[in-house]
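Some notes on the structure that comes next.
Chains as they are written, first to last, in this note's numbering: chain A, 2 to 64; chain B, 87 to 261.
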C-alpha cells in the first residue's frame, strides 16, 4: 500500500512537467511572428533578382 | 526512454511545421529591398570601358534609404566596386555612374536628365511616369512587392546595355 502511494506521488509531477513542456511549445509556435528575424541587406544581395521580385515589403516609405 | 525521445522528436517536428508558414513574416523595409534592386541594376548593366573601377551610386536630394544603402559601399559589381554618395538636389552629379532620384526629389528630374545626357549614367527612380520622362529604370510597389520598368531607349542613349534578364523581368519595356 505504502509503495502504491509513492508511485502515485511520483507520477503526478512527471505528468505536470510534460503538460508544461507542451504548453511552452504551443506558446513558442504562436509567438513566431514576433521572433521573426529581419532580412539583412547582405542576405538580399545574395538572392537572385527573380526572388527579390517575390518578397513582400513589411514597412513602406523612408526609414 | 525511447518513447520519450520519439515524443520529443515529434514535438520538434510539429514546432518546425508551425514555424514554416511564418517564415514569410520576415521584417523587410521598402528601401532595404530597393537598395538590393539598385545593386542588381548596376550588376545587370553592361558598362562601357571608359567607366573606371568604381561605380559611384549617387542618391539625389532627400535620402529615403537612411543607413540601408550604406551596406552597398564597396560591394563588388563584376570587376568594379560600388561607392555610395549623396548629392543635394539641383547640384551637379558629375562622377556618378548610377543616379537614383527618389520620389521626394522627382521635381529635379528634368534638369538632372539634361545634365547626364549622352553620358554613361544609369538613371533610376521610383516615381510613376519617370520611365516615360527618360529614366532608364523605374521602380514601383504593387501588392507590397517591388517591380520595375525599363526604358531601353534611355539606356541606349547613355551608352549602356541592360541585360536580357533585366528586360525579361521588367513589367514594361519602353522602346
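Note that beta-carbon positions come from the ideal geometry of N, C-alpha and C, so glycine has one too.
Classification of residue 120/B by the beta-carbon crowding that lies within 10 angstroms, buried from 16 upward: Within the second chain, residue 120/B is the residue found at index 34, counting from 1. With 16 or more other Cβ atoms within 10 Å, it is buried.
Residues, ordered as in the chain, of the segment 163–183 of chain B that lie near chain E by beta-carbon distance below 9 Å: As a matter of chain content, chain E is missing from the structure shown, whose protein chains are A and B.
Identity of the residue in 218/B, 231/B, 244/B nearest residue 260/B by Cα: Numbered from its first residue, the second chain carries residue 260/B at position 174. Comparing Cα-Cα distances from residue 260/B to each of 218/B, 231/B, 244/B, the minimum goes to 218/B.
Interface residues of the segment 246–261 of chain B facing chain A [CB-CB below 9 Å]: Those would be 251, 252, 255, in chain order.
Residue 108/B versus residue 186/B - alpha carbon distance: For the purposes of this step, residue 108/B is taken as residue 22 along the second chain, with counting starting at 1. For the purposes of this step, residue 186/B is taken as residue 100 along the second chain, with counting starting at 1. Bear in mind that a pLDDT of 48 at residue 108/B, under 50, signals an unreliable position, so the model cannot answer this.
Neighbour-count burial assignment, residue 49/A, 16 or more Cβ in a 10 Å radius: Looking up residue 49/A in the first chain gives position 48. Exposed.
Short CB-CB distance (under 8 Å) between residue 38/A and chain B: Mapped onto the first chain, residue 38/A falls at position 37. Interface residue, yes.
3-residue-minimum beta strand (DSSP E) runs that sit fully inside the segment 115–149 of chain B, ordered along the chain: Inside the segment 115–149 of chain B, DSSP marks whole beta strand (DSSP E) runs of 3 or more residues at positions 140–146, from first to last along the chain.
Proximity below 8 Å, CB of residue 192/B to CB of residue 173/B: Position 106 of the second chain, counted from the start, is the residue given in the question as residue 192/B. Position 87 of the second chain, counted from the start, is the residue given in the question as residue 173/B. Between residue 192/B and residue 173/B, the gap from beta carbon to beta carbon reaches 8 Å or more.
Contacting residues, own chain, Cβ-Cβ under 6 Å from residue 61/A (five flanking each side not counted): As a working note, residue 61/A is residue 60 in the first chain. Its chain contains no residue whose beta carbon lies nearer than 6 Å to that of residue 61/A once the 5 sequence neighbours on both sides are disregarded.
Simplified DSSP state of residue 229/B, which is helix, strand or coil: Your numbering for residue 229/B matches position 143 in the second chain. Residue 229/B: coil per DSSP, three-state reduction.
Cβ-Cβ distance between residue 113/B and residue 39/A below 8 Å: Sequence index remark: in the second chain, residue 113/B carries index 27 (1-based). Sequence index remark: in the first chain, residue 39/A carries index 38 (1-based). In this structure, residue 39/A lies closer than 8 Å to residue 113/B by Cβ.
Closer than 8 Å to chain B by CB, residue 21/A: If you number the first chain from 1, residue 21/A lands on position 20. No, residue 21/A lies away from the interface with chain B (no Cβ there is under 8 Å from its Cβ).
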